[in-house]
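Here the structure comes first, spelled out in structure tokens, and everything after it is commentary.
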Amino acid sequence: MQIRFLLSFFASFIYLGTYSQSLVFNHVKTPQGLSHSSVNAIYQDEFNQMWIATRDGLNRYDGYKIEVFRPVLDDVNGIFGNNIQRVTGDKKGRIYLQCMAGLVTYDLRNQQFKVIQRDSVRFIGYGKSRLWIASHNQINYLNPGEEVIRNYSRLDPSVNITSITEDPFSNLYVGTQSHGLMMIDGNGRSTVLIKDISVMCIFVDKQQRIWVGTLNSGLYCIDSKGMITHYSHDEQNKESIPNNYVRTICQDDLGYFWIGTYGGLARLDPETKKFKQFKYTSFDSYSIGSSSIWSITKDVHGLLWIGTFFGGIDIINPEFSFNSYYRPSIDNKGLNSSIVSNVSEDAEGNLWVGTDDAGLNYFDRAKGTFSHYTHDPANPHSISSNAIKTTF
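Under our numbering, read the sequence shown as residues 449 to 840, first letter to last.
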């Protein structure tokens, strides 16, 4: 299965009326070329290439194929260690990797790696105009085009920094292990915002609210007035967050929040404050690939790329109603493939859906039914191929 057909499937989602109550998760795993099924982080560069950090090397997906980068013997400037923890970039030709406990850059123009530091790196994240680097209790930074890491601030020696995020006003939000969340403003003044939590991730949304994922303390939100809302898992409430170990947070183009936890994915409606949970189900091949979520990245098309622990990558389009889109049907009464190459509407308003591996689907709007046209080697009058490239 080629990933480009999975992506074309999202671009061609069909509104056909209520049929399925589930969101379809399309998977990218090792059979599709991914070097490892445990995905730590995902980043999209200015050329729309997806960079995927895994436990066994760095993967680059250019829209057609996956290229894997691993350590090369005697290459002093290349990747060292296969476990790539984080990947980010400046959108100006540079990719930054947290490689084991070190920092490596990659120049997109000359396609060369450069080792900046080999140890003591706990976290990297790109801000407004520089790379922020956490090293134990120190906040450091690297300016674009430079190879020298500079110090910005030192916290108490007892503090271990776990995350750094910069907002549009140059405020730094610093997450720590057991010492809570603090803010450092542009003048260097620090304020503790939440005490005594272990911070796993920090996200600044479109309304400048601060979202904080924690280790076993759930999810926090700080609004522009400083009011704090706390979300925690409730075994008796299926509309609560699925787990209190929150690793990643992302906002989609509709304003919903996608929360990755140790126990499942959740979509939060900020108006109702209710969560919709998505978990791995062994008997459903269209469920999420794993309930342990490491990273969520929104690409330029609004698709969400979800990195999981030993479940590969799941790609979803969050813009469509979960109750209004057909997905492949195991009873042969619905759409017969998830690899949709094109969709055309005829004069009567019915739809012709071409797939890459299962022939042509015809949807009769009036009856609400599908018909399938597939290649039959024993029938010379059948469709000539199951790989349909275009319909019109």
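All C-beta atoms, glycine included, are put in the ideal place defined by N, C-alpha and C.
Note that the structure is a prediction, hence the values are computed from the model and not measured.
Close beta carbons around Asp812, own chain, < 6 Å, minus the five adjacent residues each side: The count along the sequence shown starts at 1 and reaches residue 812 at position 364. Cβ within range, chain order: Asn798.
Alpha carbon of Ile741 to alpha carbon of Gly712, nearest angstrom: For the purposes of this step, residue 741 is identified with residue 293 of the sequence shown, where counting begins at 1. For the purposes of this step, residue 712 is identified with residue 264 of the sequence shown, where counting begins at 1. Spanning the two alpha carbons is a distance of roughly 7 Å.
What are the partner residues of Gln560, as DSSP defines its beta bridges? Along the sequence shown, one-based indexing puts residue 560 at 112. Checking the DSSP bridge columns, you'll see Gln560 partnered with Asp555.
Does Thr720 come out as helix, strand or coil in the three-state DSSP assignment? Numbered from 1 along the sequence shown, position 272 holds the residue referred to as residue 720. Note: Thr720 maps to coil in three-state DSSP.
Proximity to Phe561 [Cα-Cα], best of Phe757, Val524, Arg503 and Thr720: Taking the first residue of the sequence shown as 1, we reach residue 561 at position 113. Answer by Cα proximity: Val524.
Exposed or buried, Thr838, counting other C-beta atoms within 10 Å across all chains shown (16 or more means buried)? Position 390 of the sequence shown holds residue 838. Classification for Thr838: exposed.
By how many angstroms is the C-alpha of Thr745 removed from the C-alpha of Tyr491? Start at 1 with the first residue of the sequence shown, and residue 491 comes out as number 43. Start at 1 with the first residue of the sequence shown, and residue 745 comes out as number 297. The straight-line gap from Cα to Cα measures roughly 7 Å.
Would you list the residues sitting across from Tyr600 in a DSSP beta bridge? Residue numbering aside, residue 600 sits at position 152 when the sequence shown is read from its first letter. Paired residue(s): none; Tyr600 is not in a bridge.
Name the DSSP beta bridge partners of Phe517, please? If you number the sequence shown from 1, residue 517 lands on position 69. DSSP lists Leu506 as partners of Phe517.
With a threshold of 6 Å on Cβ separation, who are the neighbours of Asn591 within its own chain once the five nearest residues in sequence on each side are excluded? In the sequence shown, residue 591 corresponds to position 143, counting from 1. Taken in chain order, the residues that qualify are Arg578.
Any chance the segment 696-714 sits against the segment 747-767, with 3 or more Cβ pairs inside 8 Å? Three or more Cβ pairs closer than 8 Å define a contact, and the segment 696-714 meets that threshold against the segment 747-767.
Does the segment 486-503 come within contact of the segment 525-543, defined as at least 3 CB pairs closer than 8 Å? The segment 486-503 is in contact with the segment 525-543.
Can you tell me whether Ala582 is buried or exposed, with buried defined as 16 or more other CB within 10 angstroms of its CB? Counting from one through the sequence shown, the residue named residue 582 turns up at place 134. Ala582 is buried by the Cβ-count criterion.
Taking 6 Å as the limit between beta carbons, can you name the residues of its chain near Leu603, skipping five residues before and five after? Counting from 1 along the sequence shown, the entry for residue 603 is found at position 155. Within the same chain, Leu603 has close Cβ partners Asn585.
In chain order, what are the residue ranges of uninterrupted beta strand (DSSP E) at least 3 long that sit wholly in the segment 590-640? List check, beta strand (DSSP E) in window: 598-602, 609-614, 620-624 and 629-632.
Under the criterion of a Cβ to heavy atom distance below 8 Å, does Tyr544 qualify as lining the ligand COA? Looking for the ligand COA in the displayed structure turns up nothing, as the structure carries no ligands at all.
For a test of the three-state rule: what should DSSP assign to Gln533, helix, strand or coil? Reading the sequence shown from its first residue, position 85 is the one you call residue 533. If DSSP states are grouped into helix, strand and coil, Gln533 belongs with the strands.
According to DSSP, Val652 sits in a beta bridge with which residue or residues? Along the sequence shown, one-based indexing puts residue 652 at 204. According to DSSP, which records beta bridges pairwise, Val652 is partnered with Ile658.
Mind checking which residues open and close the beta strand (DSSP E) that includes Ala582? Numbered from its first residue, the sequence shown carries residue 582 at position 134. Per DSSP, Ala582 belongs to the beta strand (DSSP E) from Leu579 to Ser583.
Under DSSP, the beta strand (DSSP E) around Gly755 begins and ends at which residues? Here residue 755 refers to the residue found at position 307 when the sequence shown is read from its first residue. First-last of the beta strand (DSSP E) with Gly755: Leu752 to Thr756.
How far does the beta strand (DSSP E) with Gln699 in it extend, from its first residue to its last? What you label residue 699 is simply residue 251 of the sequence shown in a count that begins at 1. Bounds of the beta strand (DSSP E) holding Gln699 are Val694 to Gln699.
C-beta contact flag for Ile587 and Gly623 at 9 Å: Stepping through the sequence shown from its first residue, residue 587 is reached at position 139. Stepping through the sequence shown from its first residue, residue 623 is reached at position 175. Cβ distance not < 9 Å, so Ile587 and Gly623 don't count as in contact.
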